[in-house]
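Student:
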Amino acid sequence: MTQMTLSKAIGAGLRRALQDDDHVLLMGEDIGELGGVFRVTDGLKHEFGPERVIDTPLAESGIVGTAIGLAFRGYRAVCEIQFDGFIYPAFDQIVAQVAKLHARTRGAVTVPLTLRVPYGGAIGSVEHHSESPEAYFAHTAGLRVVTPSTPQDAYSMIRMAIASNDPVIYFEPKRRYWSKGEVDLEAVPLPLDKARIVREGTDVTLIAYGPLVATALDAAEAATDEGISIEVIDLRSLSPIDFDTIEDSVNKTGRVVIVHEAAQFGGLGGEIAAVVTDRCFYSLEAPPQRVTGLNVPYPPAKLEDHFVPDLDRMLDAVDRVMGRENSLTGWSAR
Amino acid sequence: MRTGLSEKTQSTVSAVDVSSRTDEPVQLLTPEGVRTESVEYDSWVEDLSDDDLLGLYQDMVVVRRFDNEATALQRQGQLGLWPPSLGQEAAQIGSARALRKEDFVFTSYREHGVAYVRGVRLEDMTRVWRGTANSGWDPFTVNMATPAVIIGAQTLHATGYAMGVQRDGADSVAVAYFGDGATSQGDVNEAMIFAASFKAPVIFFCQNNQWAISEPVGVQTVRPIADRAPGFGIPSIRVDGNDVLAVMAAMRVALERARTGGGATFIEAVTYRMGPHTTSDDPSRYEDLTEREEWAAKDPIQRLERYLDQLGLLTDEARASVKAAEDDAAKRFRAACIALEDPEPMTIFDNVYAEPHSGLERQKREYAAYLSYVEGGTR
Numbered sequence: 036m037t038q039m040t041l042s043k044a045i046g047a048g049l050r051r052a053l054q055d056d057d058h059v060l061l062m063g064e065d066i067g068e069l070g071g072v073f074r075v076t077d078g079l080k081h082e083f084g085p086e087r088v089i090d091t092p093l094a095e096s097g098i099v100g101t102a103i104g105l106a107f108r109g110y111r112a113v114c115e116i117q118f119d120g121f122i123y124p125a126f127d128q129i130v131a132q133v134a135k136l137h138a139r140t141r142g143a144v145t146v147p148l149t150l151r152v153p154y155g156g157a158i159g160s161v162e163h164h165s166e167s168p169e170a171y172f173a174h175t176a177g178l179r180v181v182t183p184s185t186p187q188d189a190y191s192m193i194r195m196a197i198a199s200n201d202p203v204i205y206f207e208p209k210r211r212y213w214s215k216g217e218v219d220l221e222a223v224p225l226p227l228d229k230a231r232i233v234r235e236g237t238d239v240t241l242i243a244y245g246p247l248v249a250t251a252l253d254a255a256e257a258a259t260d261e262g263i264s265i266e267v268i269d270l271r272s273l274s275p276i277d278f279d280t281i282e283d284s285v286n287k288t289g290r291v292v293i294v295h296e297a298a299q300f301g302g303l304g305g306e307i308a309a310v311v312t313d314r315c316f317y318s319l320e321a322p323p324q325r326v327t328g329l330n331v332p333y334p335p336a337k338l339e340d341h342f343v344p345d346l347d348r349m350l351d352a353v354d355r356v357m358g359r360e361n362s363l364t365g366w367s368a369r
Numbered sequence: 447m448r449t450g451l452s453e454k455t456q457s458t459v460s461a462v463d464v465s466s467r468t469d470e471p472v473q474l475l476t477p478e479g480v481r482t483e484s485v486e487y488d489s490w491v492e493d494l495s496d497d498d499l500l501g502l503y504q505d506m507v508v509v510r511r512f513d514n515e516a517t518a519l520q521r522q523g524q525l526g527l528w529p530p531s532l533g534q535e536a537a538q539i540g541s542a543r544a545l546r547k548e549d550f551v552f553t554s555y556r557e558h559g560v561a562y563v564r565g566v567r568l569e570d571m572t573r574v575w576r577g578t579a580n581s582g583w584d585p586f587t588v589n590m591a592t593p594a595v596i597i598g599a600q601t602l603h604a605t606g607y608a609m610g611v612q613r614d615g616a617d618s619v620a621v622a623y624f625g626d627g628a629t630s631q632g633d634v635n636e637a638m639i640f641a642a643s644f645k646a647p648v649i650f651f652c653q654n655n656q657w658a659i660s661e662p663v664g665v666q667t668v669r670p671i672a673d674r675a676p677g678f679g680i681p682s683i684r685v686d687g688n689d690v691l692a693v694m695a696a697m698r699v700a701l702e703r704a705r706t707g708g709g710a711t712f713i714e715a716v717t718y719r720m721g722p723h724t725t726s727d728d729p730s731r732y733e734d735l736t737e738r739e740e741w742a743a744k745d746p747i748q749r750l751e752r753y754l755d756q757l758g759l760l761t762d763e764a765r766a767s768v769k770a771a772e773d774d775a776a777k778r779f780r781a782a783c784i785a786l787e788d789p790e791p792m793t794i795f796d797n798v799y800a801e802p803h804s805g806l807e808r809q810k811r812e813y814a815a816y817l818s819y820v821e822g823g824t825r
């Protein structure tokens with residue numbers, strides 16, 4: 036076991052993948068000499084050489100498109116998209132090519148790409164550096180979408196993503212890059228497509244992923260002061276979503292709150308609420324609630340605290356499903 | 447696949463200075479079928495035997511016949527849509543016949559001649575257009591990816607493939623086929639950037655057929671398309687795309703550069719789309735008939751036919767042999783195309799993922815239950 040930050044854990048996973056399979060390549064802008072703008076690939080170019088850790092031209096579609104060609108040749112490229120908001124020039128190659136080639140060719144071509152995408156806000160940055168575009172990709176058949184929330188998962192999941200024969204979009208919770216945790220480099224990981232119950236509880240199921248798992252855990256801890264027991268689920272995988280774990284939890288608690296930074300409309304929270312309603316209808320004590328980013332462009336940094344769900348907004352939704360006073364009912368005592 | 451045409455040893459050919467190019471396309475056969483002299487390019491095709499020349503002729507005749515048959519099948523309702531390659535046979539056959547089997551080709555959807563040369567079965571080329579599949583063949587059996595419908599997307603795939611070839615230390619070459627319209631796409635420009643920066647063994651083979659559906663090439667560029675590549679650091683060759691010998695010579699020059707570490711070459715094959723964009727198109731709304739007549743006089747098959755005639759190669763026996771080959775191909779193709787069966791409904795779920803995906807598995811079970819419910823008529 037070693038203490039390391041989430042970003043170092045990803046780097047350790049990449050190093051291990053490069054060691055284990057000489058057809059693994061890293062591609063991206065500034066990932067070589069600089070080690071990436073977040074230093075995730077720090078030192079890997081010197082260790083594995085410029086043929087395997089490739090500083091590419093500044094062209095996202097080019098990165099993903101050439102990675103596809105490398106896949107035709109048997110290579111397993113791990114592409115870094117420098118920031119969430121920079122992925123859109125590659126959107127066509129991702130959804131029209133990467134996602135569809137295996138089905139299009141009736142299984143003849145596999146595209147085992149991994150796309151690493153730092154995502155999410157609350158880092159005080161400028162426009163295009165704080166977005167949560169996961170729903171676009173989870174909506175697209177043929178892609179897998181995952182996101183770790185801890186250094187241990189960051190390490191295990193990047194290795195599983197690279198080993199997968201499917202294309203995997205690996206969203207990195209950039210505000211948690213510097214969070215430290217124990218990492219067992221030889222741990223047997225939970226499968227890539229399974230959710231994890233990170234805190235057990237009996238009253239409310241709080242579903243989070245990526246950067247908001249830590250916030251959800253804080254909210255669960257705070258709720259104990261009021262005698263509310265919250266079960267927190269870290270989804271880990273956004274396509275597929277482990278609905279069996281969710282179903283079991285909600286059947287137990289009868290209440291569910293789903294949180295994500297992405298805007299609410301068309302977001303994954305709606306899909307989860309629909310499936311929970313379908314599968315747990317007779318166990319539900321209250322309508323499923325969502326705490327999400329607002330349906331607006333990501334705001335300037337001075338306003339981002341209003342956009343990114345925080346502990347208080349999560350607990351407000353918990354009050355709603357618990358039938359307690361909340362922002363929608365107002366204060367009955369006043 | 448026939449062999450013997452693809453190789454041209456360096457010792458017997460003249461050096462081509464690809465850094466100096468004129469706007470006038472390289473031409474070895476005039477429209478009248480007269481062999482013109484080219485100090486630079488003659489030696490790149492001088493190895494072609496009489497049989498090779500007749501072979502190129504037969505290839506073009508068979509592909510044109512197939513293309514016409516496919517158009518006819520669309521008119522008869524057997525295909526939903528068809529993009530004719532009429533007029534582009536020399537550009538496709540001349541370039542594809544220069545390749546080795548282990549080279550890898552990434553094309554758009556009009557490259558029927560290229561697919562034919564690579565060994566794709568004719569009926570497989572029509573699976574997409576009959577609506578029975580989203581692609582027609584296994585790319586690795588013929589070293590040709592199935593066509594990209596998104597314009598220009600495949601140029602990046604070719605470039606990435608070439609980067610893989612470099613890493614393998616092989617001397618294969620990747621070829622991207624695309625049209626004049628595609629050159630406006632960002633992907634094509636990004637592909638040239640990657641290819642130049644990494645000196646990848648890839649050939650950008652642009653068939654400038656003068657049209658992107660209804661838009662003339664002047665909408666895409668105000669200069670010859672071949673002018674673009676040098677700005678990326680990639681030399682280019684402008685070649686008469688209706689001259690199968692000139693196309694093959696240019697392609698061999700580019701292949702030799704790629705195989706020997708010279709990096710990418712851009713070839714603009716100047717040709718003309720003699721048919722509609724697809725069978726759904728109506729060129730009478732936009733086409734200049736005078737221009738079309740001018741290009742009809744430069745027909746690639748007629749040109750080679752005239753040349754072969756002058757050489758005395760088109761004997762009655764040779765003509766009969768080619769005719770038998772095209773008739774046979776057409777007959778086999780029609781039967782095989784019409785025999786393509788509709789896929790089973792549940793195959794819709796196949797190969798979406800390479801590994802099991804729980805969300806899709808559940809939907810698959812539910813849809814299977816629905817189908818058996820409605821088909822079984824039971825409650």
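So the protein sequences, as listed, match chains A and B. Heads up, the final residue of the first sequence is numbered 369 in the numbering used here, and it's a clean run with no missing numbers. Heads up, the final residue of the second sequence is numbered 825 in the numbering used here, and it's a clean run with no missing numbers. Ideal Cβ positions, reconstructed from N, Cα and C, are used throughout, including at glycine. Just so you know, these numbers come straight off a predicted model, no measurement behind them.
Looking only at its own chain, which residues have a Cβ that is under 8 Å from the Cβ of Asn654 (chain B), when we skip the five neighbours before and after it?
Tutor: Counting only Cβ-Cβ distances below 8 Å, and skipping sequence neighbours, we find Gly625, Asp626, Val663, Ile671, Gly687, Glu714, Ala715, Val716, Thr717.
Student: Only counting runs of 4 or more residues, tell me where the alpha helix (DSSP H) segments fall wholly within the stretch 668-718 of chain B, in order along the chain.
Tutor: Taking only runs of at least 4 residues, the alpha helix (DSSP H) segments lying wholly in the stretch 668-718 of chain B are 674-677, 690-705.
Student: Thinking C-beta only, is Trp575 (chain B) closer than 9 Å to Ala516 (chain B)?
Tutor: Against a cut-off of 9 Å, the Cβ pair of Trp575 (chain B) and Ala516 (chain B) comes out as a contact.
Student: Can you say whether Ala781 (chain B) is buried or exposed, counting buried as having 16 or more other CB atoms within 10 angstroms of its CB?
Tutor: That one is exposed.
Student: Take Gly709 (chain B) as the anchor and find which of B:Met638, B:Asp469, B:Cys783 has the nearest alpha-carbon.
Tutor: The shortest Cα separation from Gly709 (chain B) among B:Met638, B:Asp469, B:Cys783 belongs to B:Met638.
Student: With a threshold of 9 Å between beta-carbons, can Glu569 (chain B) be considered close to chain A, or not?
Tutor: With 9 Å as the cut-off, Glu569 (chain B) does not count as an interface residue toward chain A.
Student: Starting from Gln132 (chain A), find everything on chain B with Cβ-Cβ shorter than 7 Å and list it in chain order.
Tutor: In chain order: Ala599.
Student: Mark Leu338 (chain A) as exposed unless 16 or more other C-beta atoms lie within 10 angstroms of its C-beta, in which case mark it buried.
Tutor: With fewer than 16 other Cβ atoms within 10 Å, it is exposed.
Student: Can you give me the Cβ contacts of Ile122 (chain A) inside the same chain, cut-off strictly under 7 Å, excluding the 5 residues immediately before and after it?
Tutor: Within the same chain, Ile122 (chain A) has close Cβ partners Glu95, Ile116, Val152, Pro168.
Student: Quick check: what's the CA-CA separation for Gly758 (chain B) versus Glu486 (chain B)?
Tutor: Rounded to whole angstroms, Gly758 (chain B) to Glu486 (chain B) spans 26 Å at the Cα level.
Student: Closer than 6 Å by C-beta to Val343 (chain A): which residues in its own chain qualify, once you throw out the five before and the five after it? Chain order, please.
Tutor: Gly156, Ala157, Glu296, listed in sequence order.
Student: Below 8 Å on the Cβ atoms is my contact criterion, and I expect Ala173 (chain A) with Ser274 (chain A) to pass it. Report the Cβ-Cβ distance as a whole number of Å.
Tutor: Confirmed, about 4 Å.
Student: So, with DSSP's three-state summary, where would you put Ala297 (chain A)?
Tutor: Three-state result, Ala297 (chain A): strand.
Student: Go ahead and pull the three-state DSSP assignment for Asn654 (chain B).
Tutor: Here Asn654 (chain B) sits in strand by DSSP.
Student: Counting only Cβ-Cβ distances shorter than 8 Å, please list the residues of the stretch 163-182 of chain A near chain B, keeping chain order.
Tutor: The stretch 163-182 of chain A vs chain B, Cβ under 8 Å: Ala176, Gly177, Arg179.
Student: Measure the alpha-carbon distance for Glu68 (chain A) versus Ile596 (chain B) and round it to whole angstroms.
Tutor: If I take the Cα positions, the gap works out to 34 Å.
Student: Cα separation between Pro317 (chain A) and Thr240 (chain A)?
Tutor: Here residue 317 (chain A) turns out to be Tyr, not Pro, going by the sequence shown. For Tyr317 (chain A) and Thr240 (chain A), the distance between alpha carbons rounds to 16 Å.
Student: List the residues of chain B whose Cβ lies closer than 8 Å to the Cβ of Pro275 (chain A), in chain order.
Tutor: Ordered by position in chain B, the residues that pass the 8 Å Cβ test against Pro275 (chain A) are His803, Ser804, Gly805, Leu806.
Student: In chain order, what residues of the stretch 574-591 of chain B put their CB closer than 9 Å to some CB of chain D?
Tutor: Of the chains in the structure shown, none is chain D; the protein chains are A and B.
Student: What whole-angstrom Cβ distance do Met720 (chain B) and Leu532 (chain B) have, given they're in contact under 8 Å?
Tutor: Indeed they touch by this definition, with Cβ atoms about 4 Å apart.
Student: Tell me which residues share the same chain as Asp351 (chain A) and place their Cβ nearer than 7 Å to its Cβ, disregarding the 5 neighbours each side in the sequence.
Tutor: Counting only Cβ-Cβ distances below 7 Å, and skipping sequence neighbours, we find Asn361, Ser362.
Student: Are the stretch 174-189 of chain A and the stretch 756-776 of chain B touching by the rule of at least three beta carbon pairs closer than 8 Å?
Tutor: Output reads no: the stretch 756-776 of chain B does not touch the stretch 174-189 of chain A.
Student: Contact defined as beta carbons within less than 8 Å: I believe Leu79 (chain A) pairs with Leu53 (chain A). What is the distance between those atoms, to the nearest angstrom?
Tutor: With a Cβ gap of about 7 Å, Leu79 (chain A) and Leu53 (chain A) count as contacting.
Student: Whose C-alpha, out of B:Ala608, B:Tyr623, B:Val508, is nearest the C-alpha of Arg567 (chain B)?
Tutor: Comparing Cα positions, the closest option is B:Val508.
Student: For Ser274 (chain A), list the residues DSSP reports as bridge partners.
Tutor: DSSP lists A:Val180 as partners of Ser274 (chain A).
Student: From Ser199 (chain A) to Asp127 (chain A), what does the alpha carbon distance come to, in whole angstroms?
Tutor: Between Ser199 (chain A) and Asp127 (chain A), the C-alpha separation is close to 22 Å.
Student: Here's the rule: buried if 16 or more other CB atoms are within 10 angstroms of the residue's CB, otherwise exposed. What is Asn330 (chain A)?
Tutor: With fewer than 16 Cβ atoms within 10 Å of its Cβ, Asn330 (chain A) is classed as exposed.
Student: With distances taken between CB atoms, is the gap from Met571 (chain B) to Val690 (chain B) smaller than 9 Å?
Tutor: Result no, Cβ atoms of Met571 (chain B) and Val690 (chain B) do not sit closer than 9 Å.
Student: Could I get the ranges of all uninterrupted beta strand (DSSP E) runs contained in the stretch 123-191 of chain A, with 3 residues as the minimum, in chain order?
Tutor: Qualifying beta strand (DSSP E) stretches, in chain order: 149-154, 179-181.
Student: Given that Asp633 (chain B) touches chain A, what residues does it touch there, using C-beta distances under 7 Å?
Tutor: Here the neighbours are Ser96, Gly100.
Student: State buried or exposed for Gly236 (chain A), treating a residue as buried only when at least 16 other CB atoms are found within 10 Å of its CB.
Tutor: Counting Cβ neighbours within 10 Å, Gly236 (chain A) comes out buried, since at least 16 surround it.
Student: First and last residue of the alpha helix (DSSP H) that includes Met571 (chain B)?
Tutor: That run of the alpha helix (DSSP H) goes 568-571.
Student: Of all Cβ atoms in chain A, is any one closer than 9 Å to the Cβ of Glu548 (chain B)?
Tutor: So no, Glu548 (chain B) is outside the interface.
Student: Beta-carbon of Ile129 (chain A) versus every beta-carbon of chain B: anything under 9 Å?
Tutor: Cβ-Cβ to chain B under 9 Å: no for Ile129 (chain A).
Student: If you follow the alpha helix (DSSP H) that Tyr816 (chain B) is part of, which residue opens it and which one closes it?
Tutor: That run of the alpha helix (DSSP H) goes 804-822.
Student: Taking Gln534 (chain B) as part of the alpha helix (DSSP H), name the residues at either end of that continuous run.
Tutor: No alpha helix (DSSP H) contains Gln534 (chain B), which DSSP labels as neither H nor E.
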